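A.B. asks:
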Amino acid sequence: FHLLGPKTLLGHAIHLSHRECEVIAETRSVAVFCPTSNLFIGSGLFDYDRLHKHGVRIAAATDVGGGTSYSMLRTMDEGYKVLQLRGQRLTPLRSFYHMTLGNARAMSLDDQIGALKPGNAADIVVLNSRATPQMALRMETVEQLSTELFLLLTCGDDRAVAETYVAGRPLKSALAG
134 FHLLGPKTLL GHAIHLSHRE CEVIAETRSV AVFCPTSNLF IGSGLFDYDR
184 LHKHGVRIAA ATDVGGGTSY SMLRTMDEGY KVLQLRGQRL TPLRSFYHMT
234 LGNARAMSLD DQIGALKPGN AADIVVLNSR ATPQMALRME TVEQLSTELF
284 LLLTCGDDRA VAETYVAGRP LKSALAG
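According to my numbering, the stretch in the sequence shown is residues 134 to 310, in order.
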């Protein structure tokens, strides 16, 4: 029926057979990791390593229909915990990849968004790693980018968003007045 293809996004993807993983990979479809929803509903744990080994493209999403937050920081923090429960590792760099270029690629929009390069829309979220007293204290010992990104994932929330730009125009400060 040709229902699967590079623009097909398959939410959750937590109860897949070996053959289904193969078909998703063959068709270049995308398995979408929705950790807050899966944890809240108790529907299962995403098997990142298994899908990755099959060559399945992976994206990440909030799915607030069954989840608990619109925040990609919160979503990927929960994703880290899900994979820890499976004995798998989601690095901070991989998490930020999924929040940016990885998700843009999953939606076939990587020629327009997802990376800072000439010709792309300047859709940017500026994060402040010292947004709260707890974060500022922890930042005093941070020496590597991956550690700072992990801090943003585990402790960051809406207070860490210093500014949001869409097509190069600041929105957060404009809304604040």
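All residues carry an ideal CB built from backbone N, CA and C; glycine is no exception. Bear in mind the structure is a predicted one, so any value in this text is a computation, not a measurement.
1) How about GLN245 and ASP182: are their beta carbons less than 8 Å apart?
2) To the nearest angstrom, report how far apart GLY198 and GLY252 are at their CA atoms.
3) For PRO251, which of helix, strand or coil comes out of DSSP?
4) Compare the beta carbon distance of THR208 and THR224 with 8 Å and say whether it is the shorter of the two.
5) Which residues in the same chain have their Cβ closer than 6 Å to the Cβ of GLY138, if we skip the five residues on either side of it in sequence?
6) Based on the DSSP output, what are the partners of PHE179 in its beta bridges?
7) Which of the three DSSP states is assigned to PHE229 in this structure?
8) Hey, would you say ALA248 sits closer than 8 Å to LEU142, going by beta carbons?
9) Taking the straight line between their C-alpha atoms, what separation do you get for ARG302 and PHE134?
10) In whole angstroms, what is the alpha-carbon distance linking GLY188 and ALA307?
11) Taking just the CA atoms, how far does ALA146 sit from LYS186?
12) Below 8 Å, how does it come out for the stretch 253-264 and the stretch 284-301: are there three or more Cβ pairs, yes or no?
13) Once the 5 residues before and after GLY200 are set aside, which same chain residues still bring their CB inside 7 Å of it?
14) Do the CB positions of VAL163 and ARG190 come within less than 8 Å of each other?
15) With DSSP run on the structure shown, which of helix, strand or coil describes GLY188?
16) Could you check the C-alpha separation between GLY235 and ALA192 for me, to the nearest Å?
17) Would a check of beta-carbon distances place ASP182 closer than 8 Å to chain D?
18) Determine the closest residue to VAL156 out of VAL294, LEU178, LEU184, ASP180, with distance taken between C-alpha atoms.
19) Does DSSP put GLU211 in a helix, in a strand, or in coil?
C.D. replies: This is what the structure holds:
1) Against the sequence shown, residue 245 aligns to sequence position 112. Against the sequence shown, residue 182 aligns to sequence position 49. The answer is no: Cβ separation not under 8 Å.
2) Mapped onto the sequence shown, residue 198 falls at position 65. Mapped onto the sequence shown, residue 252 falls at position 119. Straight-line Cα distance between these residues: approximately 34 Å.
3) Position 118 of the sequence shown, counting from 1, holds the residue named residue 251. DSSP places PRO251 in coil when its eight states are reduced to three.
4) Your numbering for residue 208 matches position 75 in the sequence shown. Your numbering for residue 224 matches position 91 in the sequence shown. Not in contact: THR208 and THR224 (Cβ atoms no closer than 8 Å).
5) Against the sequence shown, residue 138 aligns to sequence position 5. Around GLY138: THR160.
6) On the sequence shown, residue 179 is found 46 positions in, with the first residue counted as 1. PHE179 pairs with nothing; no bridge assigned.
7) As a first step, residue 229 must be located in the sequence shown, where it is residue number 96. In this structure, PHE229 counts as helix in the three-state DSSP scheme.
8) Working through the sequence shown from its first residue, we reach residue 248 at position 115. Working through the sequence shown from its first residue, we reach residue 142 at position 9. The answer is no: Cβ separation not under 8 Å.
9) Mapped onto the sequence shown, residue 302 falls at position 169. Mapped onto the sequence shown, residue 134 falls at position 1. When rounded, the distance between both Cα atoms is 43 Å.
10) Position 55 of the sequence shown holds residue 188. Position 174 of the sequence shown holds residue 307. Distance between the alpha carbons of GLY188 and ALA307 is about 42 Å.
11) One-based indexing of the sequence shown puts residue 186 at position 53. One-based indexing of the sequence shown puts residue 146 at position 13. Spanning the two alpha carbons is a distance of roughly 15 Å.
12) yes
13) For this step, residue 200 is matched to residue 67 along the sequence shown. Here the set comprises CYS167, THR169, SER170, PHE173.
14) The residue given as residue 163 occupies position 30 in the sequence shown. The residue given as residue 190 occupies position 57 in the sequence shown. Yes, Cβ-Cβ distance for VAL163 and ARG190 is below 8 Å.
15) By 1-based counting over the sequence shown, the position of residue 188 is 55. The answer is coil: DSSP assigns GLY188 none of H, G, I, E or B.
16) As a working note, residue 235 is residue 102 in the sequence shown. As a working note, residue 192 is residue 59 in the sequence shown. When rounded, the distance between both Cα atoms is 6 Å.
17) This model lacks chain D altogether; it includes just one protein chain.
18) In the sequence shown, the residue the question calls residue 156 occupies position 23. Ranking the options by Cα distance to VAL156, first place goes to LEU184.
19) On the sequence shown, position 78 is the one that residue 211 refers to. In this structure, GLU211 counts as helix in the three-state DSSP scheme.
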